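Here's the structure we're looking at; comments come further down.
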Amino acid sequence: MASVVFLNGEFLPREEAKLSVDERGFLFGDGIYEVTRVVGGRLFESGRHLKRMWRGARELRLNVTMSSEALIDAHLRLLRENGLTDGEAYVYLQITRGAAPRTHHFPPAGTPVTVYLSATRFLPPDEKRAAGVSAVTYPDYRWSRCDLKTVNLLPAVMAKQHAADHDAFESIFVRGAVLTEGSHTNVFGVLDGELRTYPNSNFVLPGVTRDLVVELAKGLDFPVNETPIYTHEVPQLTELFLTGTTSDVMPIVRLDGAVVGDGVPGPIARQLHEALVARMAEAAPLGAGAR
Ligand SMILES: Cc1ncc(COP(=O)(O)O)c(C=O)c1O
Numbered sequence: 008m009a010s011v012v013f014l015n016g017e018f019l020p021r022e023e024a025k026l027s028v029d030e031r032g033f034l035f036g037d038g039i040y041e042v043t044r045v046v047g048g049r050l051f052e053s054g055r056h057l058k059r060m061w062r063g064a065r066e067l068r069l070n071v072t073m074s075s076e077a078l079i080d081a082h083l084r085l086l087r088e089n090g091l092t093d094g095e096a097y098v099y100l101q102i103t104r105g106a107a108p109r110t111h112h113f114p115p116a117g118t119p120v121t122v123y124l125s126a127t128r129f130l131p132p133d134e135k136r137a138a139g140v141s142a143v144t145y146p147d148y149r150w151s152r153c154d155l156k157t158v159n160l161l162p163a164v165m166a167k168q169h170a171a172d173h174d175a176f177e178s179i180f181v182r183g184a185v186l187t188e189g190s191h192t193n194v195f196g197v198l199d200g201e202l203r204t205y206p207n208s209n210f211v212l213p214g215v216t217r218d219l220v221v222e223l224a225k226g227l228d229f230p231v232n233e234t235p236i237y238t239h240e241v242p243q244l245t246e247l248f249l250t251g252t253t254s255d256v257m258p259i260v261r262l263d264g265a266v267v268g269d270g271v272p273g274p275i276a277r278q279l280h281e282a283l284v285a286r287m288a289e290a291a292p293l294g295a296g297a298r
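Take the sequence shown: its letter number 286 is residue 293 in the numbering used here, and every next letter is one higher.
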């Protein structure tokens, strides 16, 4: 089926969707985005994604005039238009400061933001999860507003390419002496029976999956300590794993070529992944179609 996208209020074939060369997303990376998982035609945790999106819009002073309801309706209609009302998929949302003659400062008041949505079929990487993946470290030279999900993704692009160059699934950023997060994932480790992850702050994205996994872990009585993992602690970790909208819970069995823990996916990552999948199934009972 040909792909349909949403652009500034219109649903249209992908090849007919056109943007101005003055678009500030193109010129400056001046915008934000969200990726929402779709299970059985239902949006998973859309409330958390919207909350993060609105916070980003406020912090960057983007004048988003579409309401949350209108944005959700656009997500759901896009799923129907693309025949994605069953199985798994994800919806990409991008909002930029619109098109205006190039100046660093904001364009004239009243310049409409650009709102773009696309929907894509998705197959969870379950084979990779069963075997566990490799990761590599990469210097975290990003700015200090990593809490904002902006489309300024050059460090993530370079980091992910570094991973690809080393046949690894992900690069993990290292800032000073600690692991912060992956190029498109958050990072958890297990040390002395305790789950460790970087605390939500300006140095990491507050991942929707991260926050959910912290809640699920507490519900399973796993001790959670939101403290960074130091690089010198890596050899002592019994487990290391990633979380993210398109990775779920992904065990890492090698970091920079060294075996992590026993070199196989660990029991805590497995239980947290099962709990996450159960949460998705609750959100989208079998056979449920788009609202
Ligand atoms: C830098 C970064 N950290 C973490 C995540 C995971 O966030 P979420 O679980 O909301 O997908 C992402 C997602 O793209 C990301 O880009």
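No residue lacks a Cβ here, since even glycine has one placed at the ideal position from N, Cα and C.
Please read these numbers as outputs of a predicted model, since none were measured by experiment.
* Closest to R261 by CA distance: which of T253, G273, M60 is it? -> The residue you call residue 261 lines up with position 254 of the sequence shown. Out of T253, G273, M60, G273 has the C-alpha closest to the C-alpha of R261.
* Hey, P206 and E233 are a contact pair by Cβ (cut 8 Å); roughly how many whole angstroms apart? -> The sequence position of residue 206 within the sequence shown is 199, counting from 1. The sequence position of residue 233 within the sequence shown is 226, counting from 1. Beta-carbon to beta-carbon, P206 and E233 are separated by about 4 Å, close enough to satisfy the 8 Å threshold.
* Examine ligand 1 and report whether any of its heavy atoms sits within less than 7 Å of the Cβ of A9. => Along the sequence shown, read from residue 1 onward, the residue named residue 9 stands at position 2. Not one heavy atom of ligand 1 is found less than 7 Å from the C-beta of A9.
* L244 and L198 look like a contact to me (Cβ under 8 Å); what is the Cβ gap, rounded to whole Å? -> Position 237 of the sequence shown holds residue 244. Position 191 of the sequence shown holds residue 198. Sure, about 6 Å apart at Cβ, within 8 Å.
* Please state whether DSSP places F33 in a helix, a strand or coil. => Mapped onto the sequence shown, residue 33 falls at position 26. Three-state result, F33: helix.
* Assign L279 to one of three DSSP states: helix, strand, or coil. => Locating residue 279 in the sequence shown gives position 272, where the first residue counts as 1. Reduced to three states, the DSSP call for L279 is helix.
* Consider the C-beta atom of A96 and the heavy atoms of ligand 1; say whether any pair is separated by less than 7 Å. => Residue 96 sits at position 89 when you count from the first residue of the sequence shown. No, Cβ of A96 sits at least 7 Å from all heavy atoms of ligand 1.
* Asked: Going straight from the alpha carbon of L160 to that of G38, what length do you get?
  -> For the purposes of this step, residue 160 is taken as the residue at position 153 of the sequence shown. For the purposes of this step, residue 38 is taken as the residue at position 31 of the sequence shown. Answer to the nearest angstrom: the Cα atoms are 11 Å apart.
* **Whole runs of the alpha helix (DSSP H) within the stretch 69 to 125, excluding any shorter than 4 residues** => 75 to 88
* To do: Count the other CB atoms, across all protein chains shown, that sit within 10 Å of the CB of L223; report buried if there are 16 or more and exposed otherwise.
  => Here residue 223 corresponds to residue number 216 of the sequence shown, with the count starting at 1. L223 comes out buried.
* Candidates A77, D147, V120, of which the one nearest H191 by Cα -> Position 184 of the sequence shown, counted from the start, is the residue given in the question as residue 191. It is D147 whose Cα lies nearest to the Cα of H191.
* Where A299 falls, given that 16 or more other Cβ within 10 Å makes a residue buried -> In the structure displayed, the chain extends from 8 to 298; residue 299 sits before or after that span and is not available.
* To do: Using a threshold of 8 Å, state whether the C-beta atoms of F176 and L202 are closer than that.
  => In the sequence shown, residue 176 corresponds to position 169, counting from 1. In the sequence shown, residue 202 corresponds to position 195, counting from 1. No, these two residues do not count as a Cβ contact at 8 Å.
* To do: Throw me the rounded Cβ distance for the L130 and E95 pair, which I believe falls under 8 Å.
  => Numbered from its first residue, the sequence shown carries residue 130 at position 123. Numbered from its first residue, the sequence shown carries residue 95 at position 88. Indeed they touch by this definition, with Cβ atoms about 7 Å apart.
* Heavy atom of ligand 1 less than 7 Å from the Cβ of T252, yes or no? -> The sequence position of residue 252 within the sequence shown is 245, counting from 1. It does: the Cβ of T252 is within 7 Å (strictly closer) of some heavy atom of ligand 1.
* Cβ-based burial, H280 [other Cβ within 10 Å; buried from 16] -> Looking up residue 280 in the sequence shown gives position 273. Its Cβ being crowded by 16 or more others within 10 Å, H280 is buried.
* **Beta bridge counterpart(s) of T43 as assigned by DSSP** => Start at 1 with the first residue of the sequence shown, and residue 43 comes out as number 36. DSSP output for T43 lists V98 as bridge partner(s).
* **Residue from R182, S208, G189, K135 whose Cα sits closest to the Cα of A163** => Numbered from its first residue, the sequence shown carries residue 163 at position 156. Minimum Cα distance to A163 is reached at G189.
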